[in-house]
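Undergrad: The structure that follows is given in the form of structure tokens.
In our numbering, the protein residues as written are 667 to 797.
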């Protein structure tokens, strides 16, 4: 692993997806209790969401294969075209295949923003930064 960056837990935008995920999981759990599910189905309902939830809460990692891993999945750093900085911290990363014409975005909130950006630019010097 090349680098590991902690998330900025003071940014409230970081909590929206894990919180929504947790609320949906609790609704399903209560619905399962109300339906009086068999214990084997109930165990699946309780245990299966936890790997996804832990992945959402994990820190950002840049691997040896130049991939950025985090709560949003795996992103190839070579596909990043530009990074837009938010006013209250965090970044919106634009990535995708230019020949296909589809540009996707993902928001990240690293605690050490300068080191995060410098590591990404070290891997892919073609990244444009917009402030």
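Virtual Cβ for every residue (Gly too), placed ideally from N, Cα, C. Since the structure is predicted, the reported quantities are computational estimates derived from the model, not experimental observations.
Could you please give the first and the last residue of the uninterrupted beta strand (DSSP E) stretch that includes residue 742?
TA: First-last of the beta strand (DSSP E) with residue 742: 739-742.
Undergrad: What distance in whole Å lies between the Cβ atoms of residue 740 and residue 733, which are believed to be in contact at a cut-off of 8 angstroms?
TA: Right, the Cβ-Cβ distance comes to about 5 angstroms (below 8 angstroms), so this counts as a contact.
Undergrad: Report the rounded CA-to-CA distance for residue 743 versus residue 688, giving the unit in angstroms.
TA: One C-alpha to the other measures close to 30 angstroms.
Undergrad: Can you tell which of 698, 796, 692 has the C-alpha that lies nearest to the C-alpha of residue 716?
TA: Among 698, 796, 692, the Cα nearest to that of residue 716 belongs to 692.
Undergrad: Helix, strand or coil: which one does DSSP assign to residue 681?
TA: Residue state, collapsed to three classes: helix.
Undergrad: Residue range of the beta strand (DSSP E) that residue 758 falls in?
TA: Where residue 758 is concerned, the enclosing beta strand (DSSP E) stretches over 757-761.
Undergrad: List, from N- to C-terminal side, the beta strand (DSSP E) runs of 3 residues or more that fit wholly inside the region 696-758.
TA: Runs found: 726-728, 733-736, 739-742, 746-751.
Undergrad: Rounding to the nearest angstrom, what Cα-Cα distance links residue 788 and residue 721 in this structure?
TA: The straight-line gap from Cα to Cα measures roughly 26 angstroms.
Undergrad: Helix, strand or coil for residue 795 per DSSP?
TA: Three-state result, residue 795: strand.
Undergrad: Evaluate contact between the region 756-764 and the region 773-784, counting only Cβ atoms and requiring at least three cross-stretch pairs below 8 angstroms.
TA: Counting Cβ pairs under 8 angstroms, three or more are found: they touch.
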